[in-house]
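Start counting the sequence shown at 148; every next residue gets the next number (this note's numbering).
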Amino acid sequence: MSIVLASQSPRRRDLLHQIGINEFRVIPAQGEEEKDPNLSPAALVERLSRQKADEVAQRCGPEDLIIAADTIVALDGRILGKPRDEAEAVQMLHALSGRRHEVFSGVTVRRGERVLTEYEETAVFFRPLTDREIDWYVSTGEPLDKAGAYGIQGMGIRFVSRIEGDYTNVVGLPVCRLLDMMGRLCQGELCKP
Numbered sequence: 148m149s150i151v152l153a154s155q156s157p158r159r160r161d162l163l164h165q166i167g168i169n170e171f172r173v174i175p176a177q178g179e180e181e182k183d184p185n186l187s188p189a190a191l192v193e194r195l196s197r198q199k200a201d202e203v204a205q206r207c208g209p210e211d212l213i214i215a216a217d218t219i220v221a222l223d224g225r226i227l228g229k230p231r232d233e234a235e236a237v238q239m240l241h242a243l244s245g246r247r248h249e250v251f252s253g254v255t256v257r258r259g260e261r262v263l264t265e266y267e268e269t270a271v272f273f274r275p276l277t278d279r280e281i282d283w284y285v286s287t288g289e290p291l292d293k294a295g296a297y298g299i300q301g302m303g304i305r306f307v308s309r310i311e312g313d314y315t316n317v318v319g320l321p322v323c324r325l326l327d328m329m330g331r332l333c334q335g336e337l338c339k340p
């Protein structure tokens, strides 16, 4: 059995290394994400992580353990994906300024026909931001490939006054939930560090 991460995210790779999972292959999902606007944020990330796991399973062996995840930011129930450009990043950061929002990650762990899919939710609170701070941050380029236009593991940490929940969820992979799911899926077999 080998562990397969269905993501190219360097943040997810780093989190796996941090919890002692050092031997894994990266096989990113490549299909188009089907985002249904009628789904709740929790249901959406679960669906997207499951789609990724199912797609990557077609390129893996039946004993491989596949880990797939999807993370989104929601503000007042509205999903904030990755900004299309700098102007949209500025808009998102203004909307988050001084407010609470939620970060949802869906996680799917799959081994053969056995599949578990769950989600984690974390509340994140931003302090009030100035126009100058937002413009500077957007000029760094960091917000452009991040859901909600910020990365808590990067310079975006400057804006976070507090969180309620799992920090690793905000980074993009809730590791406590992942380890629990791996243990339940493998039912005592050797599939976690």
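C-beta atoms are modelled at their ideal positions from N, C-alpha and C, and glycine is treated no differently.
Close beta carbons around Val285, own chain, < 6 Å, minus the five adjacent residues each side
Taking the first residue of the sequence shown as position 1, residue 285 is located at position 138. Within the same chain, Val285 has close Cβ partners Glu233, Ala236, Val237.
Taking Ala204 as the reference, which of Glu265, Ile174, Lys182 has the closest Cα?
To locate residue 204, count along the sequence shown from 1; it is residue 57. Out of Glu265, Ile174, Lys182, Ile174 has the C-alpha closest to the C-alpha of Ala204.
Under DSSP, the alpha helix (DSSP H) around Asp217 begins and ends at which residues?
For the purposes of this step, residue 217 is taken as residue 70 along the sequence shown, with counting starting at 1. Per DSSP, Asp217 belongs to no alpha helix (DSSP H); it is in the beta strand (DSSP E), 212-222.
By how many angstroms is the C-alpha of Gly259 removed from the C-alpha of Ala136?
Outside the displayed range of the chain (148 to 340) lies residue 136, so it cannot be described from this structure.
Measure the C-alpha to C-alpha separation of Arg225 and Ala242 and round it to an integer number of angstroms.
Along the sequence shown, one-based indexing puts residue 225 at 78. Along the sequence shown, one-based indexing puts residue 242 at 95. Each residue's alpha carbon lies about 11 Å from the other.
What are the partner residues of Phe272, as DSSP defines its beta bridges?
The residue labelled residue 272 in the question sits at position 125 within the sequence shown. Beta-bridge pairing links Phe272 to Arg247, Arg309.
Pro211 to Asp161, Cα distance in whole Å?
Numbered from its first residue, the sequence shown carries residue 211 at position 64. Numbered from its first residue, the sequence shown carries residue 161 at position 14. The displayed chain sequence assigns Asp, not Pro, to residue 211. Between the C-alpha atoms of Asp211 and Asp161 there is a straight-line separation of about 20 Å.
Is the beta carbon of Gly253 within less than 8 Å of some heavy atom of the ligand FAD?
With respect to small molecules bound, the structure shown includes none, and the ligand FAD cannot be examined in it.
From this set, Gln198, Lys182, Ile150, which residue's C-alpha is nearest Ile169's C-alpha?
In the sequence shown, the residue the question calls residue 169 occupies position 22. Note that residue 169 is Asn in the sequence shown, not Ile. Checking every option, the nearest Cα to that of Asn169 belongs to Ile150.
Spatial neighbours of Arg331 within its chain, please: C-beta separation below 8 Å, excluding the five flanking residues on both sides.
Along the sequence shown, read from residue 1 onward, the residue named residue 331 stands at position 184. Leu263, listed in sequence order.
If contacts are defined as beta-carbon pairs under 8 Å, then Val192 and Gly253 qualify, I think. What distance do you get, rounded to the angstrom?
As a position in the sequence shown, residue 192 is number 45, starting the count at 1. As a position in the sequence shown, residue 253 is number 106, starting the count at 1. Yes, they are in contact, since the Cβ atoms of Val192 and Gly253 sit about 3 Å apart, within 8 Å.
Beta-bridge pairing of Ile226 - partner residues as DSSP gives them:
For the purposes of this step, residue 226 is taken as residue 79 along the sequence shown, with counting starting at 1. Bridge partners of Ile226: Ala221.
So the alpha helix (DSSP H) Ile281 belongs to, where does it begin and stop?
Taking the first residue of the sequence shown as 1, we reach residue 281 at position 134. Segment 278-286, the alpha helix (DSSP H) holding Ile281.
How about Asp161: is its C-beta nearer than 9 Å to some C-beta of chain B?
Any reference to chain B falls outside this structure, which holds one protein chain only.
If you drop the 5 nearest sequence neighbours on each side, which residues of the same chain put their C-beta closer than 7 Å to that of Ala294?
The sequence position of residue 294 within the sequence shown is 147, counting from 1. Closer than 7 Å at Cβ, skipping near neighbours: Thr218, Ile219, Val220, Leu227, Gly228, Lys229.
Tell me which same chain residues have a C-beta within less than 6 Å of the C-beta of Tyr266, skipping the five on either side of it?
Mapped onto the sequence shown, residue 266 falls at position 119. Contacts found: Ala189, Val192, Glu193, Phe251, Gly253.
By how many angstroms is the C-alpha of Ile166 removed from the C-alpha of Pro321?
Mapped onto the sequence shown, residue 321 falls at position 174. Mapped onto the sequence shown, residue 166 falls at position 19. Going from the Cα of Pro321 to the Cα of Ile166 covers about 11 Å.
Name the one or two DSSP bridge partners that Ser252 has.
What you label residue 252 is simply residue 105 of the sequence shown in a count that begins at 1. Partner(s): Thr218, Glu267.
Spatial neighbours of Ala216 within its chain, please: CB distance less than 7 Å, with the 5 preceding and 5 following residues excluded, ordered by chain position.
For the purposes of this step, residue 216 is identified with residue 69 of the sequence shown, where counting begins at 1. The answer, listed in chain order, is Ser154, Arg159, Ser196, Ser252, Gly253, Val254, Gly319, Leu320.
Under 8 Å by Cβ, that's how I've got Tyr297 and Leu240 pegged, so tell me the actual separation to the nearest angstrom.
Here residue 297 corresponds to residue number 150 of the sequence shown, with the count starting at 1. Here residue 240 corresponds to residue number 93 of the sequence shown, with the count starting at 1. Yes, Tyr297 and Leu240 are in contact; Cβ-Cβ is about 7 Å, under 8 Å.
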